[in-house]
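Undergrad:
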Amino acid sequence: MSSQTVKAETIYPVTRTFFESLPVLDDPLALPEHLDRHVELCGSRPWLAGLAAIERACYRLRVEPPELPAVVAARTINPSLEMIPVQWHGLVDVLTDSEALPIAGEAYILVYLASGNAEIRFHEATGHDLLALKLVSEGIDSRQAASESGVTVGRIDDILYAAVYQGYILAPPSRLVRSDDFPRGSVSDAGWFTTPTFTLQWHLTQECDLHCRHCYDRADCPPMELDAAIRVLDDLYDFCREHHVFTQVTFTGGNPMLHPHFLRLYQEAVDRGFMTAILGNPMPRHRVEEMANIHKPEFYQVSLEGLRDHNDYIRGKGHFDRVLDFLDLLAELDIYSMVMLTLTRANLDQVLDLAELLRDRVNRFTFNRLAMVGEGASLASVRPDNFSDFLKRYQEAAKNNPCMGEKDNFFNLLRHQEGRELFGGCAGYGCGAAFNFVSMLPDGQVHACRKLPSPIGDIMRQSFTEIYHGEAARRYRDGSRACRDCAIRPLCGGCLAVTHGFGLDIFKEKDPYCFFPPGPSGQ
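Okay, so the sequence shown: first residue is 392 according to the working numbering, each after it adds one.
1) Taking only three categories from DSSP, how would you classify SER533?
2) To the nearest angstrom, how far is the alpha carbon of ALA788 from that of LEU743?
3) What is the residue span of the alpha helix (DSSP H) that ASN836 lies within?
4) From ALA878 to PHE907, what distance separates their C-alpha atoms?
5) To test your reading of the DSSP string, which unbroken alpha helix (DSSP H) runs of 4 or more residues are found completely within the segment 581-644?
6) In terms of residue numbering, what span does the beta strand (DSSP E) encompassing GLU473 cover?
7) Are three or more beta carbon pairs between the segment 434-443 and the segment 477-492 nearer than 8 Å?
8) Buried or exposed for TYR556, please, with buried defined as at least 16 other CB atoms from any protein chain shown within 10 angstroms of its CB.
9) Out of LEU715, ALA839, PRO414, PRO563, point me to the one whose CA is closest to LEU591's CA.
10) Does the segment 415-428 touch the segment 460-473, meaning 3 or more C-beta pairs lie closer than 8 Å?
11) Please list, in chain order, all residues of the same chain as PHE826 whose beta carbon is under 8 Å from its beta carbon, the five residues on each side excluded.
12) Please determine, among GLY664, PHE814, SER579, SER845, the residue with the shortest C-alpha to C-alpha distance to VAL829.
13) Quick one: Cα of GLU400 to Cα of ALA464, how far?
14) Taking one C-beta from the segment 485-493 and one from the segment 571-579 each time, how about it: are there three or more such pairs within less than 8 Å?
15) Can you give the Cα-Cα distance for LEU770 and THR735, rounded to whole angstroms?
16) Roughly how far, in whole angstroms, is the beta-carbon of ALA554 from the beta-carbon of ASP520, given that I think they are within contact range, below 8 Å?
17) Could you compute how far the alpha carbon of THR641 sits from the alpha carbon of THR408?
18) Check whether the segment 616-636 touches the segment 667-686, counting contact only when three or more Cβ pairs, one atom from each stretch, lie closer than 8 Å.
19) Mind the definition here: the segment 497-515 touches the segment 535-545 only if three or more C-beta pairs lie below 8 Å; say whether that holds.
20) With distances taken Cα to Cα, identify the nearest neighbour of GLY892 among VAL764, ILE850, MET831.
21) Where does PRO611 land, buried or exposed, given buried means 16+ other C-beta within 10 angstroms?
22) Just to confirm the assignment, what range does the alpha helix (DSSP H) spanning GLY545 have?
23) Output needed for MET851: all residues of its chain with C-beta closer than 6 Å, excluding positions within five of it in sequence on either side, in chain order.
24) Under 8 Å between the Cβ atoms of PRO414 and LEU432?
25) Where in the segment 500-525 do unbroken runs of the beta strand (DSSP E), each at least 3 residues long, occur, reported from the N-terminal end onward?
26) Taking 8 Å as the limit between beta carbons, can you name the residues of its chain near GLY481, skipping five residues before and five after?
27) Look up ARG755 in the DSSP assignment and give the residues it is bridged to.
28) Drop a sphere of 10 angstroms on the beta-carbon of SER912, count the other beta-carbons inside from all chains shown, and report buried for 16 or more, exposed for fewer.
29) Quick one: what does DSSP say ILE560 is sitting in, helix, strand or coil?
30) Buried or exposed for LYS901, going by 16 or more other Cβ atoms inside 10 Å?
31) Which ranges does the alpha helix (DSSP H) cover as unbroken runs of at least 4 residues, wholly within the segment 399-430, from first to last along the chain?
32) Out of ASP549, PHE584, LEU452, PHE410, which has the shortest C-alpha to C-alpha gap to GLU510?
33) If contacts are defined as beta-carbon pairs under 8 Å, then ILE560 and ALA619 qualify, I think. What distance do you get, rounded to the angstrom?
34) What is the DSSP secondary structure of LEU656, counted as helix, strand or coil?
35) What runs of the alpha helix (DSSP H), each 4 residues or longer, lie entirely inside the segment 762-808?
36) Should THR916 be labelled buried (16 or more other beta-carbon atoms within 10 Å of its own) or exposed?
What follows is the structure, given as structure tokens:
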């Protein structure tokens with residue numbers, strides 16, 4: 392249908408409401424220019440030409456939407472984008488509120504089609520929007536832009552990420568994708584095979600103010616020098632940019648805040664735009680405030696091993712009460728809190744009572760099964776034949792306790808048996824070892840998972856890219872061959888650390904707690 396055969400009221404439904412009748416033109420699409428030349432037609436609303444230009448752009452996208460690329464190789468300006476120069480601020484408000492009053496001033500309106508859902512979007516461009524468009528159109532590197540602007544590279548990337556989120560910039564998909572031969576089972580959603588985020592669990596130091604009875608590593612491991620640690624963050628930035636993923640650094644230890652350069656490294660991570668998190672112990676208020684003043688972490692996780700007497704037997708006298716007080720501090724500082732419990736035969740019957748005690752004190756409570764590694768080998772694991780019943784009791788209690796989270800992969804066995812929707816499991820993708828996360832020791836040794844010996848490289852001699860794509864990392868990503876025929880393999884895979892703790896071959900044998908019947912799983 393040509394524009395000449397379309398009524399102007401169809402193209403300009405909001406602009407029309409400010410006229411007794413719109414000017415009759417041979418080509419209705421020429422109305423914005425006509426009103427700009429004959430501003431007297433607009434009466435007391437000289438901004439109507441700009442309003443009409445916005446409506447025309449929206450009309451064009453409705454009737455002749457351009458084909459957007461399914462995938463781009465680099466950040467690209469959305470080909471549907473029309474940037475409309477106007478002489479008034481607040482024009483877009485008039486589209487939803489006829490009483491809105493634009494204010495004179497030069498502005499740009501961005502009108503575009505959102506990729507994926509064909510939604511027409513429009514907004515007045517901010518300075519950050521214009522900067523994002525300039526960076527992408529001119530191919531300016533984030534580090535160069537940061538240096539020239541005197542800001543951190545993370546600030547520049549945040550601006551670009553916001554542009555991608557809004558949709559006027561298109562970005563490549565994540566390159567961290569499960570291999571083609573990774574078992575799919577009955578999981579059809581492609582999203583479970585691609586991760587948008589990569590996490591480095593960085594054990595900054597072995598120094599710790601506790602000596603827990605189930606600690607899996609008390610070996611002496613000296614931390615790297617500060618300059619080397621900063622270079623690690625730069626290499627991590629390059630790896631994640633190359634693979635088009637967001638970055639999280641989870642600082643842990645030992646107790647990460649006992650590292651002499653903790654605040655400097657935390658600042659450096661934030662400056663690169665990384666999300667941050669803490670796996671540590673209770674610390675004094677001023678130490679937490681120093682960190683939060685740089686940037687609040689995504690979460691701060693501490694541990695409890697049961698009710699007071701048992702917890703303090705494992706972690707030291709007075710630890711239980713210190714943790715409760717610390718959770719109150721985190722709540723006061725508005726920092727998301729998590730409590731992790733290591734599940735053993737001795738604390739199995741305390742878990743639900745502890746969860747009830749924590750109901751209004753923590754944002755999230757979860758557990759990991761004991762990995763009989765290091766000093767943890769001296770403790771008794773839960774009997775495998777009791778585990779599924781425990782999961783059912785936990786699951787039932789969680790219905791009425793909002794702090795209780797499901798983390799263990801074998802919750803998905805229950806969900807599968809009950810015909811319910813699966814969830815991400817331990818790391819968001821079942822076992823995510825060497826897929827969406829790796830662990831790094833203080834000296835730069837990189838492991839697929841810190842809870843078992845799983846060396847995959849040395850960051851002092853290799854890059855993250857070399858380590859991630861190496862053969863050792865691939866073996867851990869593939870997991871056990873015994874799980875290949877499982878219907879829920881992509882969101883399970885058991886726990887390699889637990890399997891290792893039982894003296895089994897993690898690449899050939901199943902997690903001993905798996906309660907699918909023998910034979911092809913899930914049938």
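Note that the Cβ used here is the ideal one computed from N, Cα and C, for glycine as well.
TA: Result, derived from the coordinates:
1) Residue state, collapsed to three classes: helix.
2) Cα-Cα distance, rounded: 7 Å.
3) The sequence shown places Gln at residue 836, rather than the Asn named in the question. Unbroken run through GLN836 is the beta strand (DSSP E), 836-838; no alpha helix (DSSP H).
4) Whole-angstrom Cα-Cα distance: 10 Å.
5) The qualifying runs are 617-633.
6) First-last of the beta strand (DSSP E) with GLU473: 473-480.
7) They touch, by the three-pair rule.
8) Exposed, because fewer than 16 other Cβ atoms sit within 10 Å of the Cβ of TYR556.
9) Relative to the Cα of LEU591, the nearest Cα in the group LEU715, ALA839, PRO414, PRO563 belongs to ALA839.
10) Between the segment 460-473 and the segment 415-428 there are fewer than three inter-stretch CB-CB distances shorter than 8 Å, so the stretches are not counted as touching.
11) Answer for PHE826: LEU567, ARG569, THR586, ALA818, TYR820, ARG868, listed in chain order.
12) For the set GLY664, PHE814, SER579, SER845, the Cα lying nearest the Cα of VAL829 is the one of SER845.
13) Roughly 41 Å between the two C-alpha positions.
14) With the rule of 3 Cβ pairs closer than 8 Å, the segment 485-493 does not count as touching the segment 571-579.
15) If you take the alpha carbons of LEU770 and THR735, they lie about 7 Å apart.
16) With 8 Å as the limit, ALA554 and ASP520 qualify as a contact, their Cβ atoms being about 7 Å apart.
17) Taking the straight line joining both Cα atoms gives about 55 Å.
18) Cβ pair count under 8 Å is below three, so no.
19) By the Cβ criterion, the segment 497-515 is not in contact with the segment 535-545, since fewer than three pairs of Cβ atoms, one from each stretch, lie closer than 8 Å.
20) Taking GLY892 as reference, the option from VAL764, ILE850, MET831 with the minimal CA-CA separation is VAL764.
21) Per the sequence presented here, residue 611 reads as Asp, with Pro not at that position. When all chains shown are included, ASP611 counts as exposed.
22) For GLY545, the enclosing alpha helix (DSSP H) starts and ends at 544-557.
23) Counting only Cβ-Cβ distances below 6 Å, and skipping sequence neighbours, we find GLY835.
24) Yes; because the gap between Cβ atoms is below 8 Å, this pair is in contact.
25) 511-515, all fully within the segment 500-525.
26) In its chain, beyond the 5 residues on either side, ALA491, LEU492, PRO493, ILE494, GLU515 have a beta carbon closer than 8 Å to the beta carbon of GLY481.
27) In the DSSP secondary-structure assignment, ARG755 is bridged to MET729.
28) Confidence in SER912 is poor, its pLDDT being 48 and thus under 50, which makes the residue's placement unreliable; the coordinate value appears in the next sentence. Looking at its Cβ environment, which holds 16 or more other Cβ atoms inside 10 Å, SER912 is buried.
29) Under the three-state reduction of DSSP, ILE560 is assigned to strand.
30) With 16 or more neighbouring CB atoms inside 10 Å of its own CB, LYS901 falls in the buried class.
31) For the alpha helix (DSSP H) assignment, the uninterrupted runs of no fewer than 4 residues enclosed by the segment 399-430 are, from N- to C-terminal side, 399-402, 404-407, 422-428.
32) Residue LEU452 is the option with its Cα nearest to GLU510.
33) About 35 Å separates the beta carbon of ILE560 from that of ALA619, a gap too long to meet the 8 Å contact definition.
34) Three-state DSSP puts LEU656 in a helix.
35) The segment 762-808 contains, as complete alpha helix (DSSP H) runs of 4+ residues, the segments 775-789, 802-808 (chain order).
36) Nothing in the structure corresponds to residue 916, since the chain is present only between 392 and 914.
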